[in-house]
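Residue numbers (the working numbering), protein chains in the order written: chain A, 46 to 250; chain B, 46 to 250.
Idealized CB from N, CA, C, for every residue including glycine.
Note that the coordinates shown come from a computational prediction; the quantities given were computed from them, not determined experimentally.
These notes concern the structure reproduced below.
2 protein chains.
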Amino acid sequence: MKVRIPDATVARLPRYLRCLTDMSYTDGTCSSEDLANAAGVNSAQVRKDLSFLEAQGTRGVGYDHEDLRDQIRKALGLTTIHPVVVIGAGNMGSALANYKGFATWGFEIVAILDVDEKRIGTSSDGLIVEPLGRLEEIVAEEGVKIGVIATPRSAAQSVSDRLTASGVKSILNLAPTILKINEDVSVRRVDLSTELGILAFHLQS
Amino acid sequence: MKVRIPDATVARLPRYLRCLTDMSYTDGTCSSEDLANAAGVNSAQVRKDLSFLEAQGTRGVGYDHEDLRDQIRKALGLTTIHPVVVIGAGNMGSALANYKGFATWGFEIVAILDVDEKRIGTSSDGLIVEPLGRLEEIVAEEGVKIGVIATPRSAAQSVSDRLTASGVKSILNLAPTILKINEDVSVRRVDLSTELGILAFHLQS
Chain A
46 MKVRIPDATV
56 ARLPRYLRCL
66 TDMSYTDGTC
76 SSEDLANAAG
86 VNSAQVRKDL
96 SFLEAQGTRG
106 VGYDHEDLRD
116 QIRKALGLTT
126 IHPVVVIGAG
136 NMGSALANYK
146 GFATWGFEIV
156 AILDVDEKRI
166 GTSSDGLIVE
176 PLGRLEEIVA
186 EEGVKIGVIA
196 TPRSAAQSVS
206 DRLTASGVKS
216 ILNLAPTILK
226 INEDVSVRRV
236 DLSTELGILA
246 FHLQS
Chain B
46 MKVRIPDATV
56 ARLPRYLRCL
66 TDMSYTDGTC
76 SSEDLANAAG
86 VNSAQVRKDL
96 SFLEAQGTRG
106 VGYDHEDLRD
116 QIRKALGLTT
126 IHPVVVIGAG
136 NMGSALANYK
146 GFATWGFEIV
156 AILDVDEKRI
166 GTSSDGLIVE
176 PLGRLEEIVA
186 EEGVKIGVIA
196 TPRSAAQSVS
206 DRLTASGVKS
216 ILNLAPTILK
226 INEDVSVRRV
236 DLSTELGILA
246 FHLQS
């Protein structure tokens, strides 16, 4: 029987995966303390989070580094290729299209789309910017389930509606607005102003 | 006496501010239910979070919209201008430099720096890309306390060390790596692979 992994653990697993990728290790093992230090959480939390995986550490030795990476990838569903569409070929969308790191996590950006005639047809890291009109066709053809919204704020909601209507189930929203969206669609939101706002608060204390 | 605002509340306040900016309202008031719906949290949470502010809602009416925005800005320290440096003039750094939304939150990007000779001297939305060698000088001259790292992964730690050595107290890290950093410096991290990883997990269920 598969144990349901709590959301808070799910949110930390990619961070552990990032740390395991960054860490230099000599003997092929990794202790919960090493991982806790690298990830900036406490080691009891690491052990609890990892208890939801099939990976089992050895007391006094730690976890097998490769095995742990594999188990995290498996738990997150990163063992298959996920086709992704990016909407918006501005700086943010282009940054995404150019980022090689996605491929190593199993994400393949299959298309980048825009409404701007000046951008359509230009090349962004090997991908030709397509007209937004082709969105539904591309989602269907490529079996896309993940969409990234990198449009201006004003366009984000309508793009989101079109993505979900065409069957996309997960949205990463980089536009600085909060989307109204059905509950059966997962949304993650990255708002850089919000992040700076939190930093500004901490500057006061 | 100033009440200490819990971190979880601090993390939600910019989201409320974002919602209040987005919301169309007719009579100048905003109920905790309206705000809860817009922000995607429950209304009891909204009321609890807002209880840490000086803003007081009126039962059955709600909060004064403008007053609430002001109180959140005040609590977050967004009532003054915060000079910000961006390191890395690639797509991600340029996206930041071009983003007009920061100014309305009180963040002023005073410089964008890079090591790449091809980028130095080019213009990114009115800002000339400066050589990284000028970092310490600019931080001192402009009284910069917030730095944004938009470099490749390999350069992030050394840039972080230089920022903190020159007196920067808050770092927004957009490079896909986890920084080793002193405890008296606040760090927020945006890792788009991590966000996609969480979305991939939810696609499974």
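Chain-ordered residues of the region 135-158 of chain A with a beta carbon less than 9 Å from chain B: Listed in sequence order: Gly135, Asn136, Met137, Gly138, Ser139, Ala140, Leu141, Ala142, Asn143, Tyr144, Gly146, Phe147, Thr149, Trp150, Gly151 and Phe152.
Sequence-distant residues of its chain with Cβ nearer than 6 Å to Asp236 of chain A (five each side left out): Pro221
Nearest-angstrom Cβ-Cβ length linking Glu181 of chain A and Ser211 of chain A, presumed shorter than 8 Å: Correct: roughly 5 Å between the Cβ atoms.
Same chain only: Cβ atoms within 8 Å of Ile173 of chain B, ignoring 5 sequence neighbours per side: Gly166 and Thr167
Sub-8 Å separation of Leu62 of chain A and Cys75 of chain A beta-carbons: no
Where Val204 of chain B sits in the DSSP three-state scheme: Under the three-state reduction of DSSP output, Val204 of chain B falls in the helix class.
Gly178 of chain B: CB within 7 Å of a non-hydrogen atom of the ligand SAH: This structure lacks the ligand SAH; in fact it carries no ligand of any kind.
8 Å Cβ cutoff, Gln90 of chain A in contact with chain B: It does not; no Cβ of chain B falls within 8 Å.
Contact set between His127 of chain B and chain A, taken where Cβ atoms lie within less than 9 Å: Within chain A, the residues near His127 of chain B are Leu241, Leu244, Ala245 and Leu248.
Where Pro176 of chain A falls: helix, strand or coil (DSSP): strand
Residue-level contact to chain B via CB, Ala185 of chain A, 8 Å cutoff: For Ala185 of chain A, no CB of chain B lies under 8 Å from its own CB, so it is not counted at the interface with that chain.
CB of Gly242 of chain B within 8 Å of CB of Leu80 of chain A, strictly: no
Interface flag, Val174 of chain A vs chain B, CB-CB below 8 Å: Chain B has no Cβ within less than 8 Å of the Cβ of Val174 of chain A.
Any C-beta of chain B under 8 Å from that of Leu121 of chain A: yes
Segment limits, alpha helix (DSSP H) that includes Asp94 of chain B: Here the alpha helix (DSSP H) through Asp94 of chain B covers Ser88 to Leu95.
Whole-number beta carbon distance between Lys214 of chain B and Lys190 of chain B, since they are thought to touch under 8 Å: Right, the Cβ-Cβ distance comes to about 5 Å (below 8 Å), so this counts as a contact.
Inter-residue Cα distance where the pair is Val232 of chain B and Arg207 of chain B: 15 Å
Chain B within 8 Å of Met46 of chain A, Cβ atoms only: Confidence is the limiting factor: at Met46 of chain A the pLDDT is only 43, short of 50, which leaves the residue's position unreliable and the question unanswerable from this model.
CB contact below 8 Å: Lys163 of chain B versus chain A: No Cβ of chain A is located within less than 8 Å of the beta carbon of Lys163 of chain B.
Buried/exposed call for Arg234 of chain A, threshold 16 Cβ in 10 Å: Its Cβ being crowded by 16 or more others within 10 Å, Arg234 of chain A is buried.
Strand pairing of Glu181 of chain A, partner residues [DSSP]: For Glu181 of chain A, which the question treats as bridged, DSSP gives no partner whatsoever.
Residues in the region 54-65 of chain B having any Cβ partner in chain A nearer than 8 Å: Val55, Ala56, Leu58, Pro59, Arg60, Leu62, Arg63 and Cys64
Closer than 8 Å at the beta carbon, the chain A residues around Thr222 of chain B: Arg63 and Asp67
Minimum Cβ-Cβ distance from Arg207 of chain B to chain A less than 8 Å: no
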